[in-house]
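This report refers to the structure that appears directly beneath it.
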Amino acid sequence: MKTFRIGGIHPKEYKFSAGKRSQEAVIPKRVMIPLSHYIGAPSVPVVAKGDSVKVGQLIGKANGFISANVHSSVSGKVLKIDDVLDASGYRRPAVFIDVDDDNWIENIIQSKDIIRECNLSSEEIIKKIADAGIVGLGGATFPAHVKLSLPPGKKADVLIINAVECEPYLTCDHQLMMERAEEILVGITVSMKAINVNKAIIGVENNKKDAIEHLQYLIQTRSFEGIAVEPLKMQYPQGGEKQLIDSLIRKQVPSGALPIEVGAVVQNVATVFAIYEAVQKNKPLIERMITITGKSMLNPSNFMVRLGIPLSSIVQQSGGVPDDTEKIIGGGPMMGRALASLDVPMAKGSAGVLFVPATESQRGKMKNCIRCAKCVMACPMGLEPYLLMNQSERSMWDEMEHNCVMDCIECGCCSYTCPSVRPLLDHIRYGKTTVGGIIRSRNVKN
Amino acid sequence: MNVILISLIALGVIGAASAIVLFFVAKKFQVYEDPRIDEVEEALPAANCGGCGFPGCRAFADACVAADSLDKLSCPVGGSPVMRKVAEILGLSAAESAPTIAVVRCNGTCENRLRTNRYDGVNSCAIAHNLYGGETDCSWGCLGLGDCEVVCPFDAIHVNPATLLPEVDEEKCTSCGKCVKICPKKIIEIRKKGPKSRRIYVDCVNKDKGAVAKKACSAACIGCSKCFKVCAHEAITIANNLAFIDSEKCKLCRKCASECPTNSIVELNFPPRKPKVELLEEVEN
Chain S
445 MKTFRIGGIH
455 PKEYKFSAGK
465 RSQEAVIPKR
475 VMIPLSHYIG
485 APSVPVVAKG
495 DSVKVGQLIG
505 KANGFISANV
515 HSSVSGKVLK
525 IDDVLDASGY
535 RRPAVFIDVD
545 DDNWIENIIQ
555 SKDIIRECNL
565 SSEEIIKKIA
575 DAGIVGLGGA
585 TFPAHVKLSL
595 PPGKKADVLI
605 INAVECEPYL
615 TCDHQLMMER
625 AEEILVGITV
635 SMKAINVNKA
645 IIGVENNKKD
655 AIEHLQYLIQ
665 TRSFEGIAVE
675 PLKMQYPQGG
685 EKQLIDSLIR
695 KQVPSGALPI
705 EVGAVVQNVA
715 TVFAIYEAVQ
725 KNKPLIERMI
735 TITGKSMLNP
745 SNFMVRLGIP
755 LSSIVQQSGG
765 VPDDTEKIIG
775 GGPMMGRALA
785 SLDVPMAKGS
795 AGVLFVPATE
805 SQRGKMKNCI
815 RCAKCVMACP
825 MGLEPYLLMN
835 QSERSMWDEM
845 EHNCVMDCIE
855 CGCCSYTCPS
865 VRPLLDHIRY
875 GKTTVGGIIR
885 SRNVKN
Chain D
436 MNVILISLIA
446 LGVIGAASAI
456 VLFFVAKKFQ
466 VYEDPRIDEV
476 EEALPAANCG
486 GCGFPGCRAF
496 ADACVAADSL
506 DKLSCPVGGS
516 PVMRKVAEIL
526 GLSAAESAPT
536 IAVVRCNGTC
546 ENRLRTNRYD
556 GVNSCAIAHN
566 LYGGETDCSW
576 GCLGLGDCEV
586 VCPFDAIHVN
596 PATLLPEVDE
606 EKCTSCGKCV
616 KICPKKIIEI
626 RKKGPKSRRI
636 YVDCVNKDKG
646 AVAKKACSAA
656 CIGCSKCFKV
666 CAHEAITIAN
676 NLAFIDSEKC
686 KLCRKCASEC
696 PTNSIVELNF
706 PPRKPKVELL
716 EEVEN
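Protein chains in written order, with our numbering: chain S, 445 to 890; chain D, 436 to 720.
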């Protein structure tokens with residue numbers, strides 16, 4: 445079975461919520477729909493206080509190239525446009541809506557019947573995706589239409605669908621594939637049309653055998669042409685774009701380049717589902733699947749959640765915060781970040797909430813580096829984490845840039861594997877931010 | 436005997452020849468250095484802190500000697516006395532500069548600002564700031580992890596374990612500005628030390644709206660503009676829900692401090708206020 449060639453680790457999986465049918469999250473009285481995204485500029489609000497909005501109505505317009513539209517996920521009255529505490533503990537703009545009913549705008553097709561026919565041209569598809577405000581739902585929230593608009597002179601050979609879900613605990617993509625497989629396959633066909641390729645590979649880790657079989661069965665019986673499912677060996681961080689390309693087509697993306705350099709376009713499986721809904725059903729990105737899980741959780745589950753619902757309300761629905769919880773992580777345990785508060789709204793990039801019990805949340809005591817080079821072996825980008833950490837501690841930014849710190853994907857394999865419990869990623873991430881800032885200011889000057 | 440004589444003569448000749456060569460080489464490659472640079476360097480405090488903007492005292496001395504006027508050059512550590520000495524050596528006039536000091540503009544003590552979460556990452560403000568807003572609901576205030584304490588070359592700033600806020604030692608602080616540069620939240624400011632170290636400043640940098648700021652920290656500036664209205668010297672500006680007192684314009688009248696509803700304006704080293712009755716009598720007399 446294939447996997448990527450450099451580094452990687454295999455943490456224990458703990459996929460407690462696997463196979464749990466997704467539930468609709470209850471919509472509370474008030475939602476706060478964030479206008480900012482993890483990447484790019486915040487959207488500009490196009491509604492004002494007191495306006496009535498319907499489900500699917502545009503409330504925030506993309507501001508700049510790397511930005512996406514935001515739509516209302518509920519119907520009701522706009523209470524205010526104000527800052528709200530987000531997952532990082534900073535205040536970001538959001539639209540507060542008091543929910544009254546569930547009125548959808550007319551052109552959204554709400555029935556679950558599958559529409560396979562798509563007679564739109566590539567440009568029309570990409571325009572529809574951009575209008576629907578779809579961003580990469582794997583976590584980085586990079587606008588999907590930007591990824592699908594190929595730079596001039598470049599040609600894609602293959603569309604890669606990232607259904608790896610290599611993070612421990614998370615199961616939302618897995619569940620989506622079990623419940624909405626045919627929609628996903630139509631979404632893939634539409635995306636293939638958008639970038640004009642006739643080949644697509646779905647990369648799935650082999651711990652989701654049921655999903656692999658289900659997809660393969662549908663591809664054969666419902667005749668989806670050009671789509672293949674490739675089971676992959678379990679290895680973290682296979683869900684990284686560059687790692688997945690290496691796993692599936694054995695090509696390495698050059699340092700600092702985009703996947704299109706090797707003829708690949710990668711989309712997350714949840715993103716192609718959103719593309720299906722946007723293109724075939726005119727439904728903008730207003731909801732996504734999220735996993736609420738943890739070792740002491742009575743009922744780890746998957747939820748289909750409208751954007752802007754406070755995480756605390758979803759957690760309440762799944763049984764509340766377990767008593768022994770010490771740390772709450774937004775996302776998976778490897779790449780997720782600890783949440784400063786549970787009152788943060790559901791955002792496009794939220795894939796999970798993980799409750800870590802007190803016994804596991806403490807960091808060990810940091811010891812000296814023993815030069816065992818485990819971090820070098822584990823780094824999937826072929827970097828030298830121990831060296832980068834040392835340089836970050838000493839503010840050696842030029843040297844860090846020279847040692848390709850910008851290639852770091854912040855997967856955390858180095859910190860995970862370090863026997864001396866050194867906070868490698870914390871230092872490297874800080875260095876990466878600083879070096880990134882230096883590079884940007886240098887580019888502005890030139 | 437002969438051997439000793441021969442070796443002495445041989446060594447002498449070699450020595451003399453080398454001396455002649457060295458003499459001409461030294462002439463040829465001589466670098467002229469203004470002797471005043473050494474004198475100026477001697478007068479400087481030799482802290483090599485970089486507070487003047489130059490990499491060390493020698494570089495600053497170099498710049499002083501090369502400059503036509505000392506108006507834009509100043510040693511924050513030595514202050515006016517040192518600059519006067521430098522001016523004397525160079526035959527120039529030194530600009531009089533009022534002594535300055537680093538001021539930490541956050542009063543988010545454990546009582547004023549409740550911790551809503553706990554940070555257990557690397558003990559560095561820079562790294563914590565890179566990750567998230569901080570342990571309290573105020574994402575503007577001090578993180579309390581002490582990057583300023585580590586960077587201070589004069590041992591003048593220390594995080595108080597009771598309040599988790601850094602405190603500046605007035606005796607030791609030279610206002611070199613290293614803490615200002617390192618603080619990721621931009622809380623520390625270099626301000627005029629003031630006569631008898633008397634200072635008035637807004638002890639907050641929170642730019643959130645009043646209600647939000649107040650909820651996060653009971654000592655936050657809520658941008659109510661009461662101080663702005665009461666100030667007779669136009670020293671106070673309000674921008675982004677935050678007041679700022681210009682130390683150049685402030686006449687230390689203390690009216691703003693008593694007006695502030697959240698006590699976020701701090702008055703330092705003033706004698707205790709007289710009760711109002713006495714004040715009235717004074718006016719009548």
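Glycine included, C-beta positions come from ideal geometry on N, C-alpha and C.
Discussion item. Any beta carbon of chain D sitting closer than 8 Å to that of P867/S?
Written reply: Among the residues facing chain D, P867/S is included, as its CB has a counterpart in that chain under 8 Å away.
Practice prompt. Give the straight-line distance between the Cα atoms of V512/D and H593/D, rounded to the nearest whole angstrom.
Written response: Pairing V512/D with H593/D, the inter-Cα distance amounts to about 19 Å.
Worksheet entry | Given D582/D as reference, the closest of I562/D, A597/D, P596/D once Cα atoms are compared | Out of I562/D, A597/D, P596/D, the CA that lies nearest to the CA of D582/D is found in I562/D.
Fill in: Integer-rounded CB distance, given that I704/S should sit under 8 Å from A600/S
Sure, about 6 Å apart at Cβ, within 8 Å.
Fill in: Alpha-carbon to alpha-carbon, A591/D and K607/D
Taking the Cα positions, K607/D is about 5 Å away from A591/D.
Discussion item. On the criterion of 16 or more Cβ atoms from any shown chain inside 10 Å, does I814/S qualify as buried, or is it exposed?
Written reply: Residue burial is scored here from C-beta neighbours: I814/S has fewer than 16 other C-beta atoms within 10 angstroms and is therefore classed as exposed.
Discussion item. Give me the subset of the stretch 868-888 of chain S whose CB atoms are less than 8 Å from a CB atom of chain D, sorted by chain position.
Written reply: Those would be D870, H871, R873, Y874, T877, in chain order.
Worksheet item: With 16 as the cutoff for other CB atoms within 10 Å, does Y567/D come out buried or exposed?
Response: Counting Cβ neighbours within 10 Å, Y567/D comes out buried, since at least 16 surround it.
Item to complete: Could you spell out where the beta strand (DSSP E) holding R536/S opens and where it closes?
Response: First-last of the beta strand (DSSP E) with R536/S: 535-545.
Fill in: Given A530/D as reference, the closest of S509/D, V585/D, N595/D once Cα atoms are compared
The option with the nearest alpha carbon to A530/D is S509/D.
Worksheet item: Is D767/S helix, strand or coil when you go by DSSP?
Response: Secondary structure at D767/S: coil, using DSSP grouped into helix, strand and coil.
Worksheet item: Roughly how many angstroms lie between the CA atoms of P587/S and L688/S, to the nearest whole one?
Response: Rounded to the nearest angstrom, the two C-alpha atoms are 19 Å apart.
Worksheet item: Going by beta carbon distance, what residues of the same chain come within less than 6 Å of I663/S, once the five residues before and after it are set aside?
Response: Excluding positions up to five away in sequence, the list reads I671.
Worksheet item: Closer than 7 Å, Cβ to any Cβ of chain S: which residues of the stretch 587-609 of chain D, in chain order?
Response: Within the stretch 587-609 of chain D, no residue qualifies.
Discussion item. So, with DSSP's three-state summary, where would you put V475/S?
Written reply: In the three-state scheme derived from DSSP, where H, G and I count as helix and E and B as strand, V475/S is classed as strand.
Fill in: Interfacial residues, the stretch 459-490 of chain D to chain S, with Cβ spacing under 7 Å
Answer in chain order: no residues at all.
Worksheet item: Which chain D residues are close to Y534/S, counting only those with a beta carbon under 7 Å from its beta carbon?
Response: Result: G568, S574.
Worksheet item: With 8 Å set as the bound, which would you pick, yes or no: does the beta-carbon of S794/S sit closer than that to a beta-carbon of chain D?
Response: Proximity of S794/S to chain D, defined by a Cβ-Cβ separation below 8 Å, is not satisfied.
Item to complete: Starting from the beta carbon of R807/S, find every residue of chain D whose beta carbon is closer than 8 Å, and list them in chain order.
Response: D555, G556, listed in chain order.
Worksheet item: Which class does G875/S belong to by DSSP, given the choice of helix, strand or coil?
Response: Of the three classes helix, strand and coil, the one that applies to G875/S here is helix, per DSSP.
Fill in: Selection from C611/D, C577/D, A496/D that minimises the alpha carbon distance to V586/D
Measuring from the Cα of V586/D, the nearest candidate turns out to be C611/D.
Item to complete: For P801/S, I'd like the list of residues in its chain whose CB is within less than 8 Å of its CB, leaving aside the five on either flank, ordered along the chain.
Response: So the qualifying residues of the chain are G738, K739, S740, P766, D768, T769, E770.
Fill in: Opposing strand residues paired with Q711/S [DSSP bridges]
BP columns for Q711/S point to I605/S.
Item to complete: Kindly indicate if chain D contains any beta-carbon less than 8 Å away from that of R474/S.
Response: Residue-level contact check: R474/S does not touch chain D, since none of the beta carbons of chain D fall below 8 Å from its beta carbon.
Discussion item. By alpha-carbon positions, which one of D575/S, Y830/S, L592/S, G582/S ends up nearest to T735/S?
Written reply: Each of D575/S, Y830/S, L592/S, G582/S was checked against the Cα of T735/S, and the nearest Cα belongs to G582/S.
Worksheet item: chain S beta carbons: is any one of them nearer than 8 Å to that of D506/D?
Response: So no, D506/D is outside the interface.
Worksheet item: Which stretch, first to last residue, makes up the alpha helix (DSSP H) that contains A537/D?
Response: Counting along the chain, no alpha helix (DSSP H) covers A537/D; the unbroken beta strand (DSSP E) around it starts and ends at 535-539.
Practice prompt. Measure the CB-CB distance between G514/D and S528/D and report whether it falls below 8 Å.
Written response: At the C-beta level, G514/D and S528/D stay beyond 8 Å of one another.
Worksheet item: Taking the continuous beta strand (DSSP E) assigned at P829/S, which residues delimit it?
Response: Taken as a continuous stretch (DSSP letters only), P829/S belongs to no beta strand (DSSP E), being part of the alpha helix (DSSP H) at 829-837.
Worksheet item: Is it the case that the Cβ atoms of I853/S and S517/S are separated by a distance below 8 Å?
Response: Not a contact, by the Cβ cut-off of 8 Å.
Worksheet item: Name the chain S residues that come within less than 7 Å of N565/D, Cβ to Cβ?
Response: Against chain S, the beta carbon of N565/D has neighbours under 7 Å at R873, Y874, T877, listed in chain order.
Worksheet item: By the criterion of Cβ-Cβ separation under 9 Å, what are the contact partners of R838/S in chain D?
Response: Chain-ordered listing is empty here: chain D has no CB closer than 9 Å to the CB of R838/S, the nearest sitting near 13 Å.
Worksheet item: Looking at C-alpha atoms only, which residue of N642/S, L629/S, I656/S is the closest neighbour of S666/S?
Response: The sequence given here places Arg at residue 666/S; Ser does not occur at that position. Comparing C-alpha distances from R666/S to each of N642/S, L629/S, I656/S shows the shortest one belongs to L629/S.
Discussion item. The beta strand (DSSP E) that contains N595/D, what's its start and end?
Written reply: Here the beta strand (DSSP E) through N595/D covers 592-595.
Fill in: T672/D, DSSP secondary structure in three states
The answer is strand: DSSP assigns T672/D an E or B state.
Worksheet item: Does the beta carbon of A708/S sit closer than 8 Å to a beta carbon anywhere in chain D?
Response: A708/S does not count as touching chain D.
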